[in-house]
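Residue numbers (numbering that gives the first Met the number 0): 0 to 260. Below is one structure, written out as structure tokens, with a few remarks after it.
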Amino acid sequence: MPELPEVEVTCRNVARWTSARRVRELAVDDPAVLRSGDPTSVVGANVAPAYRRAKLCLIPLGTQVLVVHLRMTGKLVRAGPGRRAPRLRLTLDDGCVVVFEDVRRLGQAWLVLDAELPGFLATHAPGAEPWPVVRDGEWLRAALSGKRGPVKTALMDGRRISGVGNIGASEACWRAAVDPQRRVPDLSPPEWSRLMDGVRGWIGDTIAAEDGDEIVYLQHGGVNPFHVYGRAGAACPRCGAAIARLVQSGRATFHCAGCQA
DNA sequence: AATTATGTTGCTAT
DNA sequence: CATAGCAACATAAT
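This is the structure:
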């Protein structure tokens, strides 16, 4: 279940495995996964370095781009023993096979013509990027202006900011020492600044912690690299109070009532 | 059996 | 018109 850091690591991996090669085959194993384009049209195409936009992984193939959204359980890995049934396989001319695995099959892929990419991204990745470009607290406040609800929920609005999901929103609030239930209109400039630093810190630290060929998600037994997410009952790393779990807009939030004001 | 899961979209109510 | 909350999507694990 990837957010911005996991997608960023995935894109770097795909770029390392595939760029400067040619496409031998794009095989569609699950017909429901590919939402647009003709997989036979990319055979022989030159592969340029994959990159991330919002939570999308974009892989340039000649004059088209293979866009992949991992959604909840998707991952892009190299073929090998013990792998689960793929939904999509990209085979390169050097024999490398990148597979799209996705247990819950909520993920999607599209083949998009270069000329249509801007329009596609405007629809599927409308929010502003919080990273790697350096943003400050005033930028974040402006990005979320008009919102009235809890700051944690606001941070997850992909039409305003890209890449911050349920984990990142909890982690950013904890790093900022801001209660996730606080309302957007009530936050002060120093709090906005700490929240923006919290978002950046969560992204940078999580990329560093999860760097590698395959990210093992928490549900599949992966190591938890987060401060509060998934740690209800544990001691807060900052003040020692017990981490609490609550539900906001139907999603789990983790926070420390001791030091998040 | 019921609950939970790191995402997005579309509907409805406000 | 914009925002907030919720169901739905599909599957597995506890």
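By construction, the Cβ of each residue, glycine as well, lies at the ideal position given by its N, Cα and C atoms. Just so it is clear, the structure is predicted and the values come from calculations on it, not from any experiment.
Could you give the DSSP three-state label for residue i: helix, strand or coil?
i    : result
P59  : strand
W109 : strand
K74  : strand
I262 : Limits of the chain in this structure are 0 at one end and 260 at the other, which puts residue 262 out of reach.
F119 : helix
C238 : coil
D196 : helix
E137 : helix
L89  : strand
V163 : coil
R11  : helix
L154 : helix
L143 : coil
D101 : strand
H219 : helix
A243 : strand
L25  : strand
A20  : It is worth fixing the name first, because residue 20 is Arg in this sequence and not Ala. Residue state, collapsed to three classes: coil.
A53  : coil
A256 : coil
Is it right to say residue i is buried, meaning 16 or more other beta carbons lie within 10 angstroms of its own, or is it exposed?
i    : result
N223 : exposed
T17  : buried
E137 : exposed
D271 : In the structure displayed, the chain extends from 0 to 260; residue 271 sits before or after that span and is not available.
D113 : exposed
R193 : buried
G232 : exposed
C238 : exposed
P149 : buried
G118 : exposed
V67  : buried
R82  : exposed
V227 : buried
Q218 : exposed
Do residue i and residue j have their CB atoms nearer than 9 angstroms?
i    : j    : result
C235 : G257 : yes
R52  : L120 : yes
D196 : R174 : yes
L105 : M71  : yes
E262 : V163 : Because the chain here runs from 0 to 260, residue 262 falls outside it and cannot be looked at.
F99  : P85  : yes
S161 : G203 : no
L75  : H123 : no
Y50  : L57  : yes
S35  : W109 : yes
W201 : R140 : no
V41  : V13  : no
H134 : K146 : It should be pointed out that residue 134 corresponds to Arg in this sequence rather than to His. No, these two residues do not count as a Cβ contact at 9 angstroms.
Can you tell me which of the options puts its alpha carbon nearest to the alpha carbon of residue i?
i    : options                   : result
E170 : D185, K151, I160 and S187 : K151
V27  : L65, A241, D212 and P125  : L65
T39  : V46, L25, P30 and V32     : L25
D210 : T9, G81 and P1            : T9
V46  : D37, T62, L55 and M71     : T62
R15  : G239, Y216, D212 and R182 : D212
E5   : A260, Y216 and G249       : Y216
R199 : P131, R20, L55 and A176   : P131
V246 : P184, I166, W191 and R103 : I166
F225 : I206, C238 and K54        : I206
L87  : G94, C95 and D101         : D101
G43  : L89, G148, G145 and G203  : L89
A78  : C95, K146 and V67         : C95
C255 : R159, Q180 and G118       : Q180
P48  : E7, G73 and D29           : E7
P184 : R21, A241 and S144        : S144
G73  : D37, E128, R244 and I214  : I214
V32  : Q259, G249, R103 and R20  : R103
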